[in-house]
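S.K.: Take the sequence shown: its position 37, counting from 1, is numbered 46 in our numbering, and each next residue is one higher.
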Amino acid sequence: MKKFKRILIWSSIAAFIEFAMLFSLNHIYSKSLDTYSEVKSVPTQVKKTYNDVKIPDDAENIKVSYDGKYVSYYENKVLKIANTRDESDSTIDSSSNSEICYSKWLPDSNLLLLCEKDIKNKVTFFSYDADKNSKRELTDFDTKTLKIEIDNKNDKVDNITLSTANHVMYVKISHKDSTSEVYKINVMNQVEKMRTSNDMIGYISMLHNDTNLIYEDAENEEIKNLIKTTVKTPVKTSASKKAKEKDTEKFTEKEVTKNLNIQFENDNKKFLLATDDEDRIYVGTVENDKVSSIIYGDLKTPTDQWKALKLQESVDRKDIAITKEGNMYIKNDANGVAKNIATNIETKYKGNFVEICDQYIYTLYDNKLIRTPLK
Numbered sequence: 010m011k012k013f014k015r016i017l018i019w020s021s022i023a024a025f026i027e028f029a030m031l032f033s034l035n036h037i038y039s040k041s042l043d044t045y046s047e048v049k050s051v052p053t054q055v056k057k058t059y060n061d062v063k064i065p066d067d068a069e070n071i072k073v074s075y076d077g078k079y080v081s082y083y084e085n086k087v088l089k090i091a092n093t094r095d096e097s098d099s100t101i102d103s104s105s106n107s108e109i110c111y112s113k114w115l116p117d118s119n120l121l122l123l124c125e126k127d128i129k130n131k132v133t134f135f136s137y138d139a140d141k142n143s144k145r146e147l148t149d150f151d152t153k154t155l156k157i158e159i160d161n162k163n164d165k166v167d168n169i170t171l172s173t174a175n176h177v178m179y180v181k182i183s184h185k186d187s188t189s190e191v192y193k194i195n196v197m198n199q200v201e202k203m204r205t206s207n208d209m210i211g212y213i214s215m216l217h218n219d220t221n222l223i224y225e226d227a228e229n230e231e232i233k234n235l236i237k238t239t240v241k242t243p244v245k246t247s248a249s250k251k252a253k254e255k256d257t258e259k260f261t262e263k264e265v266t267k268n269l270n271i272q273f274e275n276d277n278k279k280f281l282l283a284t285d286d287e288d289r290i291y292v293g294t295v296e297n298d299k300v301s302s303i304i305y306g307d308l309k310t311p312t313d314q315w316k317a318l319k320l321q322e323s324v325d326r327k328d329i330a331i332t333k334e335g336n337m338y339i340k341n342d343a344n345g346v347a348k349n350i351a352t353n354i355e356t357k358y359k360g361n362f363v364e365i366c367d368q369y370i371y372t373l374y375d376n377k378l379i380r381t382p383l384k
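Right, dumping it as structure tokens:
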């Protein structure tokens, strides 16, 4: 009998809890119905993300940031930035007794890498944040100024190739006598002069996911792969020491620079055209100083297994544009057409070609920088 009463009590409690929960839910639901009112969607004005910006007639070295938000150019040797969102513009001032001698947009942010050359022939490095309109001098981990000493005022920063994946860049300094030298700046902003196979260096480019420098050896008409490796050499010890140090073998470590020739089956002269984000290398086969075909692949694959595309007609290397994603185009200002080499799909454009960036062709037309979506 007691057991029956206990069961009855617990059943009543359970029923009460269930009833209370249902009542509570019903109360909340009813309340939400009472307070509900229809929310009508109000159409919002979408801001235009790109405006054609005016570019002066005498503008030089026009470059577009990775997302097309900013355009940089030189007017009377002064570096200027135009904002394609709000059509504002700004001027980047150089430091005292210096001039901005080189600039390059980073491939994945609105940061501009700057080089300034002073009256003492010293090249210093800065970054310019276009979003914040702020300029900052680059230093190493000891806060020492990042700089390269050059020989004379005629020397110039000819090219910079960099990887934001491993924070390494190579700087090519060209001399008046057509010779060049390359400096490596590592993740700690330490500068090191590289030992290339000779000083006749053409175009340079680096791998995105590694620190290899790929460059044209203009003297031997070859494409080279410059790498630095660490060589370990066992330390020689006497017999008595060996007995004491049975399990501990000592080594000396030495960094060695290697300039490896990237060999191809075809003996024709080659142009280095580009490298992409997947570490593919693009090489042009040259006939009569024009590119007749493009060979491309990575260093893990033998070059006889690289892909090759024969061009319908030979073109100047300056008319070939290769994006960081690996899309290849031939541009033709006379016909106003950019053709995808792999698919043969053509995109028509107006004006003079500037560059391909973020799925758009940027061109200079009627004193404005305009963009056309790629097909």
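Beta carbons: idealized from backbone N, C-alpha and C, even for Gly.
Can you tell me whether DSSP reads R145 as helix, strand or coil?
M.R.: Position 136 of the sequence shown holds residue 145. Under the three-state reduction of DSSP output, R145 falls in the strand class.
S.K.: Could you tell me the distance, in whole angstroms, from the CA atom of N268 to the CA atom of D164?
M.R.: Position 259 of the sequence shown, counted from the first residue, corresponds to residue 268. Position 155 of the sequence shown, counted from the first residue, corresponds to residue 164. For N268 and D164, the distance between alpha carbons rounds to 24 Å.
S.K.: Which of helix, strand or coil does DSSP assign to R380?
M.R.: If you number the sequence shown from 1, residue 380 lands on position 371. Strand.
S.K.: For Q314, I'd like the list of residues in its chain whose CB is within less than 8 Å of its CB, leaving aside the five on either flank, ordered along the chain.
M.R.: Working through the sequence shown from its first residue, we reach residue 314 at position 305. These residues qualify, in order along the chain: G306.
S.K.: CB-CB under 7 Å to N234, same chain, minus the five flanking residues each way: which ones, in chain order?
M.R.: Numbered from its first residue, the sequence shown carries residue 234 at position 225. So the list reads N221, I223, L269, I271, L308, once near-sequence residues are dropped.
S.K.: DSSP beta-bridge partners for T352?
M.R.: Position 343 of the sequence shown, counted from the start, is the residue given in the question as residue 352. T352 is not bridged to any residue.
S.K.: By the three-class DSSP mapping on this structure, what secondary structure does E364 have?
M.R.: As a position in the sequence shown, residue 364 is number 355, starting the count at 1. In the structure shown, E364 sits in a strand (DSSP, three-state: E or B).
S.K.: Check whether the Cβ atoms of A139 and S74 lie closer than 8 Å to each other.
M.R.: One-based indexing of the sequence shown puts residue 139 at position 130. One-based indexing of the sequence shown puts residue 74 at position 65. Closer than 8 Å, so yes.
S.K.: Are L383 and Y369 close, meaning C-beta to C-beta below 8 Å?
M.R.: Here residue 383 corresponds to residue number 374 of the sequence shown, with the count starting at 1. Here residue 369 corresponds to residue number 360 of the sequence shown, with the count starting at 1. Taking the C-beta atoms as reference points, Y369 is found nearer than 8 Å to L383.
S.K.: Across which residues does DSSP place E262 in a beta bridge pair?
M.R.: Taking the first residue of the sequence shown as 1, we reach residue 262 at position 253. Answer by DSSP bridge pairing, in chain order: K241.
S.K.: How big is the Cα-Cα spacing for K237 and A343?
M.R.: Your numbering for residue 237 matches position 228 in the sequence shown. Your numbering for residue 343 matches position 334 in the sequence shown. Those two C-alpha atoms are separated by around 45 Å.
S.K.: Roughly how many angstroms lie between the CA atoms of V80 and D61, to the nearest whole one?
M.R.: The sequence position of residue 80 within the sequence shown is 71, counting from 1. The sequence position of residue 61 within the sequence shown is 52, counting from 1. If you take the alpha carbons of V80 and D61, they lie about 11 Å apart.
S.K.: Do D70 and Y83 have their C-beta atoms closer together than 8 Å?
M.R.: Mapped onto the sequence shown, residue 70 falls at position 61. Mapped onto the sequence shown, residue 83 falls at position 74. The sequence as given places Asn at residue 70; Asp does not occur at that position. Contact: yes.
S.K.: Roughly how many whole angstroms lie between the Cα atoms of N353 and R380?
M.R.: For this step, residue 353 is matched to residue 344 along the sequence shown. For this step, residue 380 is matched to residue 371 along the sequence shown. The alpha-carbon atoms of N353 and R380 are separated by roughly 20 Å.
S.K.: Along the chain, where does the beta strand (DSSP E) containing A283 start, and where does it finish?
M.R.: On the sequence shown, position 274 is the one that residue 283 refers to. Looking at the DSSP string, the run of the beta strand (DSSP E) that includes A283 is 279-284.
S.K.: Here's the rule I'm using: 16 or more other beta-carbon atoms within 10 Å means buried, otherwise exposed. How should K278 be labelled?
M.R.: The residue given as residue 278 occupies position 269 in the sequence shown. Exposed is the call here.
S.K.: Just list the residues that DSSP pairs A317 with in beta bridges.
M.R.: By 1-based counting over the sequence shown, the position of residue 317 is 308. Beta-bridge pairing links A317 to I304.
S.K.: Does DSSP classify T312 as helix, strand or coil?
M.R.: Taking the first residue of the sequence shown as 1, we reach residue 312 at position 303. Reduced to three states, the DSSP call for T312 is helix.
S.K.: In whole angstroms, give me the CA-to-CA distance for E96 and D102.
M.R.: On the sequence shown, position 87 is the one that residue 96 refers to. On the sequence shown, position 93 is the one that residue 102 refers to. Each residue's Cα considered, the two are about 20 Å apart.
S.K.: Taking a contact to mean a Cβ-Cβ separation below 8 Å, would you say D285 touches E364 in this structure?
M.R.: Residue 285 sits at position 276 when you count from the first residue of the sequence shown. Residue 364 sits at position 355 when you count from the first residue of the sequence shown. The answer is no: Cβ separation not under 8 Å.
S.K.: Taking its Cβ as the centre, do 16 or more other Cβ atoms sit within 10 Å of T154, making it buried, or is it exposed?
M.R.: Against the sequence shown, residue 154 aligns to sequence position 145. With fewer than 16 Cβ atoms within 10 Å of its Cβ, T154 is classed as exposed.
S.K.: Let's test the definition: count the other Cβ atoms within 10 Å of the Cβ of K357 and tell me whether it reaches 16, buried, or not, exposed.
M.R.: Taking the first residue of the sequence shown as 1, we reach residue 357 at position 348. K357 comes out exposed.
S.K.: D375 by DSSP, collapsed to three states: which one?
M.R.: Reading the sequence shown from its first residue, position 366 is the one you call residue 375. Coil.
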